[in-house]
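Student:
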């Protein structure tokens, strides 16, 4: 599997033992994350915009309205940084200093380009829909020509990427273990409640299996 | 309450009816979000790093090790974009095109500066600790001189900020309501499980009330 280069841009300086440059560590984080935060810079001014994504092999797909600033900028080939973060728990140490979080994050560097054909755009939109809700593409009404025309699909070939992971219990200074302070982890995850039917739902239509059993795959 | 200016940098072009520039809309999102994503640019290359934050009035506090690239860069006064995103649900329309998410996001623009004094640094570290876990600062061992010295606290006065909110059911094209496709919302939230005791927990110490009853305030 792909091992990404560790350059000045992507090398983890802080706590390097938490870092990984292997697709085998990075891609499951990208795939589990519901959303990402896309960073771009215009004349030195950074912007960070949340959006949804999908991974297609070693490429990320983004989409949006043609009028969107993010999409226009991404389509122009500017450098992007795309970050996915999963929070797995609050780590409460005996000292404030050693408080931490359990998390898995992926940071991806690349440049955007417009989908080169209607087929590539179609594949990207399908991948994004299926990233959020596997099974949905085949079930819903698929895009018509007018909708396809109103939408940009941007593909970002992954040039460099890193994963950073922290898990496990707090790590306190040895002398602090004697303190009468509770320490441990409060586990955190994304939870989904029961589906809420649209008020105009047609008679006899109930939520499909893929909605009823929805969850985001974890390690 | 503060109403932030809407300039070319912060004005929402896409679906402006979802945007707000009022602190009364923006600050609850900042406060509920456990983490933020900080964007900065070095020679045109964007970086997006997840971290925790706290709001102190009209100022954001960040912290980290002095060796961190983010912290060094933020301390130097470079422009930052700091984004908080809360995902409230997956919105499944009858057409792929009208799929959406219910979310609340805040985008903050400002420049970082180092805490000007030990008192200001102490206040920032306390605010960040209490942002993540109210009640924890008074309970845990507070920072000593060596720990204070190893940590940067960065303050970002909020120059501009916007909130963007989507909620409610899917909005389908009128002719699509007749389709035999389930539509509705799958509500999403951050969930916390039962606290997990550290294996070296002292005898007779149990999780405090503020951990047992932890949740992130919602509107």
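Chains as they are written, first to last, in our numbering: chain U, 1 to 219; chain H, 1001 to 1219.
All C-beta atoms in this analysis are idealised placements derived from N, C-alpha and C, irrespective of residue type, glycine included.
Do you know how far the Cα of residue 1113(H) is from the Cα of residue 1103(H)?
Tutor: The alpha-carbon atoms of residue 1103(H) and residue 1113(H) are separated by roughly 30 Å.
Student: Considering just the uninterrupted stretch of the beta strand (DSSP E) at residue 1073(H), what are its terminal residues?
Tutor: Run containing residue 1073(H): none in the beta strand (DSSP E); it sits in the alpha helix (DSSP H), 1069-1075.
Student: If the cut is a Cβ gap below 7 Å, which residues of chain U does residue 1197(H) touch?
Tutor: The answer, in chain order, is 184.
Student: Among 1186(H), 1212(H) and 1213(H), whose alpha-carbon lies nearest the alpha-carbon of residue 216(U)?
Tutor: Checked all of 1186(H), 1212(H) and 1213(H); the closest Cα to residue 216(U) is 1186(H).
Student: Just the Cα atoms here: how many angstroms apart are residue 151(U) and residue 1122(H)?
Tutor: Each residue's Cα considered, the two are about 48 Å apart.
Student: Going by other Cβ atoms of all chains shown within 10 Å of its Cβ, with 16 needed for buried, is residue 1003(H) buried or exposed?
Tutor: It is exposed - the Cβ of residue 1003(H) has fewer than 16 other Cβ atoms within 10 Å.
Student: With DSSP run on the structure shown, which of helix, strand or coil describes residue 177(U)?
Tutor: Of the three classes helix, strand and coil, the one that applies to residue 177(U) here is helix, per DSSP.
Student: When you compare the CB of residue 1156(H) with every CB in chain U, is at least one pair closer than 8 Å?
Tutor: No, residue 1156(H) lies away from the interface with chain U (no Cβ there is under 8 Å from its Cβ).
Student: For a quick check, are the C-beta atoms of residue 1030(H) and residue 1084(H) less than 8 Å apart?
Tutor: Taking 8 Å as the Cβ cut-off, residue 1030(H) and residue 1084(H) qualify as a contacting pair.
Student: Could you tell me whether the Cβ of residue 1134(H) comes closer than 8 Å to any Cβ of chain U?
Tutor: Output row for residue 1134(H): interface = no.
Student: Answer with yes or no whether the minimum CB distance from residue 220(U) to chain H is below 8 Å.
Tutor: Since the first residue of chain U shown is 1 and the last is 219, residue 220(U) is not available in this structure.
Student: Since I believe residue 1198(H) is in contact with residue 170(U) (beta carbons under 8 Å), could you give me their beta-carbon distance rounded to a whole number of angstroms?
Tutor: Correct: roughly 6 Å between the Cβ atoms.
Student: On the DSSP bridge list, what partners appear for residue 20(U)?
Tutor: Answer is 163(U), bridged to residue 20(U).
Student: Given that residue 1039(H) touches chain U, what residues does it touch there, using C-beta distances under 7 Å?
Tutor: Chain U residues near residue 1039(H): 39, 46, 47 and 48.
Student: Can residue 82(U) and residue 60(U) be called in contact, C-beta distance under 8 Å?
Tutor: It is a contact, given that the beta carbons lie within the stated cut-off.
Student: Would you verify that the beta carbon of residue 1083(H) is, or is not, closer than 8 Å to some beta carbon of chain A?
Tutor: In the structure shown, chain A cannot be found, because the protein chains are U and H.
Student: In chain U, what lies closer than 7 Å to residue 1180(H) by C-beta?
Tutor: Near residue 1180(H) (Cβ distances below 7 Å), the residues of chain U are 202 and 205.
Student: Quickly, what does DSSP pair residue 154(U) with across the bridge? List them, please.
Tutor: Residue 154(U) is bridged to 62(U) and 114(U).
Student: Ignoring anything shorter than 3 residues or poking outside the region 79-138 of chain U, list the beta strand (DSSP E) runs there in chain order.
Tutor: Those beta strand (DSSP E) runs which fall completely within the region 79-138 of chain U and span 3+ residues are 79-92 and 100-114.
Student: Nearest chain H C-beta to residue 104(U) closer than 8 Å, yes or no?
Tutor: With 8 Å as the cut-off, residue 104(U) does not count as an interface residue toward chain H.
Student: Between 1049(H), 1087(H) and 1024(H), which has its C-alpha nearest residue 1188(H)'s C-alpha?
Tutor: Ranking the options by Cα distance to residue 1188(H), first place goes to 1087(H).
Student: What is the rounded straight-line gap between the Cα of residue 127(U) and the Cα of residue 143(U)?
Tutor: Going from the Cα of residue 127(U) to the Cα of residue 143(U) covers about 13 Å.
Student: Can you pull the chain H neighbours of residue 214(U), defined as C-beta to C-beta under 9 Å?
Tutor: The contacting residues are 1090 and 1186.
Student: Tell me where the alpha helix (DSSP H) around residue 1209(H) begins and ends.
Tutor: 1209-1212 is the extent of the alpha helix (DSSP H) around residue 1209(H).
Student: Mapping DSSP to helix, strand and coil, what is residue 15(U)?
Tutor: Correct three-state label for residue 15(U): coil.
Student: Compute the distance between the beta-carbons of residue 92(U) and residue 184(U), then report whether it is under 8 Å.
Tutor: Yes, the pair counts as a contact, with Cβ atoms nearer than the cut-off.
Student: Looking only at C-alpha atoms, which of 1040(H), 1094(H) and 1017(H) sits nearest to residue 1076(H)?
Tutor: Checking every option, the nearest Cα to that of residue 1076(H) belongs to 1040(H).
Student: May I ask you to list, following chain order, the residues of the region 53-80 of chain U that have a beta carbon less than 7 Å from some beta carbon of chain H?
Tutor: The residues in question are 65, 67, 68, 69, 79 and 80.
Student: Could you tell me the alpha carbon to alpha carbon distance between residue 1014(H) and residue 95(U), rounded to whole angstroms?
Tutor: Each residue's alpha carbon lies about 45 Å from the other.
Student: Who are the Cβ neighbours of residue 1107(H) in its own chain at under 6 Å, not counting the five residues just before and after it?
Tutor: Cβ neighbours of residue 1107(H) beyond the five flanking positions: 1083 and 1162.
Student: Could you tell me whether the Cβ of residue 969(H) comes closer than 8 Å to any Cβ of chain U?
Tutor: The structure shown has nothing for residue 969(H), since chain H only spans 1001 to 1219.
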